[in-house]
Amino acid sequence: MRFPLPKFGLALVALAVPSGVVVGAETRTGEQIYKQMCARCHGVKGEGTKKYELPLTGDRSLAQLAGVIDRTMPEGDPEALDAEGSKRVAAYMYDAFYSPDAQARLNPPRVELSRLTVKQYRNSVADLIGSFRFAPKADGKPGLRGEYFNSRNFQNNKRQIDRIDTEVRFDFGKEPPKAVPEPKEKFDPHQFCIRWDGSVLAEETGVHEFVVRTDHALRLWVNDNRKPVIDAWVKSGTDTEFKASVFLLAGRAYPIRLEFSKAKQGVDDSKKNPNPPVKPAFVSLNWKRPSHAIEVIPARNLTPQRFPEVAVIETPFPPDDRSLGWERGSTVSKEWDAATTEAAFETASYVLARLPELSGAQPGAGDRTAKLKAFCKTFAERAFRRPLTDSEKALFVDRQFEAAGDAELAVKRVVLLVLKSPRFLYPDAGGTPEQNATATRLAFALWDAPPDKELIDAATAGKLGTRADVAKQAERMLADPRARAKVREFLLTWMKLDQPKDLSKDAKRFPGFDADVASDLRTSLELFLDDVFWSEKSDFRQLFLADETFLNGRLSKFYGVDLPAEAPFKKVKFEADKRGGVLTHPYTLASLAYVAETSPIHRGVFVGRGLLGIGIKPPQEAFTPFAPDLHPNLTTRERVSLQTKPAACSACHNVMNPLGFALENFDAVGRFRAKERDKPVDATGSYETRAGTVAKFTGAKELAKFLASSEETQYAFAQQAFHHYAKQPVRAYGLKKPDELRKTFAESGFNMRKLIVEIAVTAAAKPKLPN
Amino acid sequence: MQLSRTRREFVRDLGISAAAVPFLLNLPGLGFANQAKRKQRIVFVFSPNGIVPKDFWPETEGELTKLKAILEPLEPFKKQTLTLGGISDRIRGDGDGHMRGIGCLLTGIELFPGNIQGGSDTPAGWAKGISIDQEIKNVLQKDPATKTRFGSLELGVMVPERADTWTRWSYAAANKPITPVDDPYQLFNKLYGRAKDNEALASVLDAVKDDLKKVGSSVGAADKKLLEEHAAFVRDMEKELKEQKTASTAGHAVPKLEPGMKRVNENMPQISKTQIDLLVNSFTADFARVATYQITNSVGQARMKWLGVEEGHHDLSHEPDSNEKAQEKLVKINRWYCEQVAYLAKRLADTPEPGGTGSLLDNTLIVWTNELGKGNSHTHDNTPFILVGGGLNYKMGRALKYKNVSHNRLLMALAHGFGHHVKSFGNPDYCKDGVLTGLV
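This is the structure in structure tokens:
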């Protein structure tokens, strides 16, 4: 595994003293000091100059800023400015341009018109087309329906077993399938066939690889009931693994059906050749999620309920802007425009291929054109998330039917026109009745998907007028799988783990730590995040404090916990005296480490930048970490301290290293260690808070306790949540909004579900026009 | 009109990312990098259940003089025809005679053991290797000088909706049979769907531009900028669409397809003709240089009522030689297959080679073959191979008789004809005597 070289440096390194300035007892104002001593390098408004390009903006507290200036500025001659002068100039800078509030005053953030993000686009088409299909209510039962037939084919009168199988993993050997009570008719071990049927629930968006392992014939359908994604009904050769890739969207259930046959096809020669030797048989249904290894599809992702197909648009889009740390749709490009065209074609083709099903218009029927027109009008209304005006109906529907002549061509034109229209592509484009706009903003905030029928109905009935109305809808919508998917996505983003990590480790140092263990670890962390968020109190602090970990058989074996080898995931107390929450989860620790050694710097940056929300700028040059072999007598802590000792490094490393050091009791695969290189581990650490106090902690549990109660962690979490959900700058909703959010969060007992509802309700309100 | 092909499949078949090359696709060929050299093409035509040897094979070797009843439709192309007697499909192994007949015909290699049980012999699966059409296609696609949009087209006429050893003859690789397209509308969509899509798109872009303007007037100044940027991209696209239309009509026009053709036995003649027309169009537009054309399937049961034959072809093919009525009908049926080959030859001969000399037929070789030498014996000896056209510079207008040589040697010769000098093709045991000689 390769980690990028550490990239931390110093923001405030390069002050220069204008020559000839004589310093005495400080009488100047902060502004005067700045102009005389700082502006030459940093620019009059802190915007930077050629000498030092980075603008002087950041999120340290005033006290911290004054401290840094006093210790380091002017560059090369910090004695030239005393503590009082540093305080004054810091105060001036802080209010004039340094602090986030100052920046917000200088460049007032606003709610920007945004196009659908890529996720929102795909969800919009899926829900738009899904709205013409039956939508069953999920009953939450796990597993698949399994029907077992004592025949070559799926003959209904030969069905001997009809049951729910929690997962598909069977090794029949030379025996027929077994059931309790025993089936009426004894199975012929030579030939039987089985059909598993139901739906599969995707938790992530992306390419899912379905893998069926069997030594006999099979067919697999996923999200397409007509055409199998794997057709190996002809058994040919000795292959026993069959794969197909299917693009799925998170938070949705897709129909799945697996047919297995232990029988010959073609001519029936069983009479001619009555007693051939019995062959063994096995079959398992597996998948590879985008950020996991191949695994048997677990029961929690399966349901015997049959959900309708989902229109998943696969057209590749250019990725959304993430320059501010969250995805947003504030830019357009030629590639994006071309992708919307391709996606519109793909959708049109999908619709035309299923026109009778979606529109109810049957080929050759007398009312076909009328029904297609009605379908097109509804299609446009649902795409625009509001009713059409008469003139819009004339443009988007009637005129297309007149011009095209052929009804199918007209449908194609309507789909293209509607999906290329800014009214579809920009959810908050003008002309939308206010409550429909509220519904739209609310749904995209909570789901990254358009409003459902219930929400639209509420808007149409005028029942989205008050904050309480909106909050009530938000609470209802939070139970939807689309909301669950977005929660998972946000928590992983907060953990900086939204992109899959390569967790390859040194096989000699850590035998047994393979891709399967790494994949299970990620699952374990995902289950933990879900568990805390969806628990009764949804208490944010439990993300740090909960002392139970999800382990299965494979993980418990590697981490030395006593569970049966095949055990599914369950919550266990795993070194509860040493561990707590996400911080000490082995996946977190292993992902913030090198192949063999830990990386206190990466861990410190994660805690500092990610959890505490402090800005740490990358270094201006890249460094290679000191090789452990060249310093055989140093612990990791000692080696890191040695390398980051120079003044140019220490200003930032003094912040992040002590945060990372507190996790040194856990090695590169997240196992506890009391010693490193035969020396006891020093896990003491500290953090200077923005309030000016110094927090000290020894070991992970104490650090976790500090983080759980830190206002900075809470503030950062709430702010990141806002940006992830609303996809707009939080200060556009008021300069005090971040503080208000933290306060509301605290008052709710740090209830994360309530926080998300609060954010969604805020985002759903009509944006204020810039003054 | 039934469009059984989804856009997804369409995009996947192009083998390129959907966003990357949307506008190249209705151009004739991918640019014109491949126009310098003489174009060579090959079409493999399959018909099932063996032939009636006495009414098929020319009496004498040497110059083709009189063609027998079944081959008679090729009379106008006698000088461009070469009949190859004495070539045998000698592949053995799993599978019944029909399965091996179709499955080993273009692959020259055995079938895998599997679960498809025939009327006799052991059960089998798919062929163990690539077929010669795909081998040649891969060679042509690797070279920018011969690369085309599709490389190859796999067509069919009335192929059953069933994927098994009896219904596939073209293989991308071992265990990778290719499904032939037997629905003319599906084929049309594959060839021209993009052009039709672009027409529909062009027709709505004015409305999209108006809409952007309207919406732009209802938002603030800063947001309006974003919409104006967006509108500029729409205008660009409109311009590009216009330019492409000019470029594409310079090649050849998009053909019109008669609507409402149903995929039923009675429509076989019409479907076959339409498929051949689309194939010839594809060659004109240089969409592909290799094609397979599979009429029904192994054990095919076409009922040629339009010829007065009520029985299914396969059932008839089992009748003994002594059943003269049945043999007469079999001659009629096989003659009809030959008419399809002749129609293809005629269309190719009538079409001038774009940017080259002569006709398409001068640069195309048709290889008409069959799964069996004779239906009622299920023999693979004397497997029919009738060659038409000048694509590989063979000396045409002759009847050749080999002495029971393995058909792998012919498959090798076809590869060599495209400058692909393989040392063996399929099972090397049957290639030891080298490339089939006497063709040039």
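Heads up: the protein sequence lines correspond to chains A and B, in order.
Take 823 as the starting number for the first sequence in the working numbering and just add one per residue.
Take 26 as the starting number for the second sequence in the working numbering and just add one per residue.
The C-beta atom is built at its ideal place from N, Cα and C for all residues, glycine as well.
Only a predicted model underlies this, so the values are computations on that prediction, with no experimental measurement involved.
Let me see if you follow: with CB-CB separation under 8 Å, is Pro-840 (chain A) close to chain B or not? Unreliable placement is indicated for Pro-840 (chain A), whose pLDDT of 45 sits below 50; no coordinate value is reported for it.
Secondary structure of Asp-1228 (chain A), DSSP reduced to three states: Residue state, collapsed to three classes: coil.
Minimum Cβ-Cβ distance from Thr-190 (chain B) to chain A less than 8 Å: Chain A places a beta carbon closer than 8 Å to that of Thr-190 (chain B), counting this residue as a contact.
Name the DSSP beta bridge partners of Phe-1494 (chain A), please? DSSP lists A:Phe-1488 as partners of Phe-1494 (chain A).
Does Ser-113 (chain B) come within less than 8 Å of chain A when only Cβ atoms are used? Not an interface residue.
Starting from the beta carbon of Met-262 (chain B), find every residue of chain A whose beta carbon is closer than 9 Å, and list them in chain order. Those are Lys-1156, Asp-1159, Ala-1160 and Thr-1163, listed as they occur along chain A.
Under the three-state DSSP convention, the category Trp-1316 (chain A) falls into: Here Trp-1316 (chain A) sits in helix by DSSP.
I need the boundaries of the alpha helix (DSSP H) containing Thr-1458 (chain A), first residue and last residue. From DSSP, the alpha helix (DSSP H) with Thr-1458 (chain A) extends over 1458-1465.
Can you pull the DSSP bridge partners for Thr-309 (chain B)? None, per the DSSP bridge assignment.
For the candidate residues B:Gln-300, B:Leu-425 and B:Pro-409, whose alpha-carbon lies nearest to that of Asp-80 (chain B)? Considering only B:Gln-300, B:Leu-425 and B:Pro-409, the residue with the shortest C-alpha distance to Asp-80 (chain B) is B:Pro-409.
Cα-Cα, which of A:Gly-1073, A:Phe-1396, A:Thr-1137 and A:Gly-1571 is closest to Ala-1301 (chain A)? Across the set A:Gly-1073, A:Phe-1396, A:Thr-1137 and A:Gly-1571, the C-alpha of A:Gly-1073 shows the shortest separation from the C-alpha of Ala-1301 (chain A).
Quickly, what does DSSP pair Ile-891 (chain A) with across the bridge? List them, please. Beta-bridge annotation (DSSP): Ile-891 (chain A) is not paired with any residue.
Taking its Cβ as the centre, do 16 or more other Cβ atoms sit within 10 Å of Thr-90 (chain B), making it buried, or is it exposed? By the neighbour-count criterion, in which a residue is buried when 16 or more other Cβ atoms sit within 10 angstroms of its Cβ, Thr-90 (chain B) is exposed.
Classification of His-123 (chain B) by the beta-carbon crowding that lies within 10 angstroms, buried from 16 upward: Classification for His-123 (chain B): buried.
Report the neighbours of Leu-251 (chain B) on chain A: residues whose CB is nearer than 7 Å to its CB, in chain order. Here the neighbours are Leu-935 and Val-1154.
So, under 8 Å CB-CB, Leu-1405 (chain A) and Ala-1522 (chain A) are touching, yes? Tell me the CB distance rounded to an integer number of Å. That pair is a contact at about 6 Å.
Mind checking Asn-945 (chain A): buried by the 16 CB within 10 Å criterion, or exposed? Buried, because 16 or more other Cβ atoms sit within 10 Å of the Cβ of Asn-945 (chain A).
Nearest-angstrom Cα separation, counted from Ser-431 (chain B) out to Lys-457 (chain B): Ser-431 (chain B) has its alpha-carbon roughly 10 Å from the corresponding atom of Lys-457 (chain B).
Opening and closing residue of the beta strand (DSSP E) in which Trp-151 (chain B) lies: Trp-151 (chain B) -> beta strand (DSSP E) spans 149-152.
Is the beta carbon of Ala-424 (chain B) closer than 8 Å to that of Leu-460 (chain B)? The residue asked about is misnamed: residue 460 (chain B) is Val in this sequence, not Leu. Not a contact, by the Cβ cut-off of 8 Å.
Quick one, are the C-beta atoms of Val-940 (chain A) and Ala-1293 (chain A) less than 8 Å apart? The Cβ-Cβ distance between Val-940 (chain A) and Ala-1293 (chain A) does not fall below 8 Å.
I want to see whether chain A comes within less than 8 Å of Leu-466 (chain B), judged by CB atoms only; does it? Limits of chain B in this structure are 26 at one end and 465 at the other, which puts residue 466 (chain B) out of reach.
Can you tell me which of A:Pro-1440, A:Gly-1492 and A:Arg-1079 puts its alpha carbon nearest to the alpha carbon of Gly-1382 (chain A)? Of the candidates A:Pro-1440, A:Gly-1492 and A:Arg-1079, the one whose C-alpha sits nearest the C-alpha of Gly-1382 (chain A) is A:Gly-1492.
Kindly indicate which three-state DSSP category Lys-1559 (chain A) falls into: helix, strand or coil? The three-state secondary structure of Lys-1559 (chain A), taken from DSSP, is helix.
Please list, in chain order, the residues of the segment 123-149 of chain B that have any C-beta partner in chain A closer than 8 Å. Within the segment 123-149 of chain B, those residues whose Cβ lies closer than 8 Å to any Cβ of chain A are, in chain order, Leu-136, Phe-137, Pro-138, Gly-139, Asn-140, Ile-141, Gln-142, Gly-143, Gly-144, Pro-148 and Ala-149.
Tell me, please, whether the CB atom of Phe-1167 (chain A) is closer than 8 Å to any CB atom in chain B? At least one chain B Cβ lies under 8 Å of Phe-1167 (chain A).
Between the C-alpha atoms of Leu-1433 (chain A) and Phe-956 (chain A), what's the straight-line distance to the nearest angstrom? The alpha-carbon atoms of Leu-1433 (chain A) and Phe-956 (chain A) are separated by roughly 43 Å.
I'd like to know whether the C-beta atoms of Ala-1232 (chain A) and Ile-951 (chain A) end up nearer to each other than 8 Å. Contact flag unset, no.
Thr-106 (chain B), buried or exposed, once every other Cβ within 10 Å from all chains shown has been counted against 16: A residue is called buried when at least 16 other Cβ atoms come within 10 angstroms of its Cβ; Thr-106 (chain B) meets this threshold and is buried.
DSSP beta-bridge partners of Tyr-318 (chain B): Note: Tyr-318 (chain B) is bridge-paired with B:Val-70 and B:Leu-180 in the DSSP secondary-structure output.
Glu-1534 (chain A) and Arg-1553 (chain A): beta carbons closer than 8 Å? With contacts defined by Cβ atoms closer than 8 Å, Glu-1534 (chain A) and Arg-1553 (chain A) do not form a contacting pair.
So, at 6 Å on beta carbons, what are the nonlocal neighbours of Ile-127 (chain B) in its own chain, with the 5 sequence-adjacent residues on each side left out? Only residues of its own chain outside the window of five on either side were considered, and among them Trp-194, Ser-323 and Glu-396 have a CB closer than 6 Å to the CB of Ile-127 (chain B), listed in chain order.
Going by the beta-carbon positions, is the gap between Thr-879 (chain A) and Gln-942 (chain A) smaller than 8 Å? The answer is no: Cβ separation not under 8 Å.
Any C-beta of chain A under 8 Å from that of Asp-375 (chain B): Taking 8 Å as the CB threshold, Asp-375 (chain B) stays off the interface with chain A.
Ser-973 (chain A) to Arg-1017 (chain A), Cα distance in whole Å? Straight-line spacing of the CA atoms in Ser-973 (chain A) and Arg-1017 (chain A) works out to 12 Å.
Given a threshold of 16 other Cβ atoms within 10 Å of its Cβ, counted over all protein chains shown, does His-1114 (chain A) qualify as buried or as exposed? With 16 or more Cβ atoms within 10 Å of its Cβ, His-1114 (chain A) is classed as buried.
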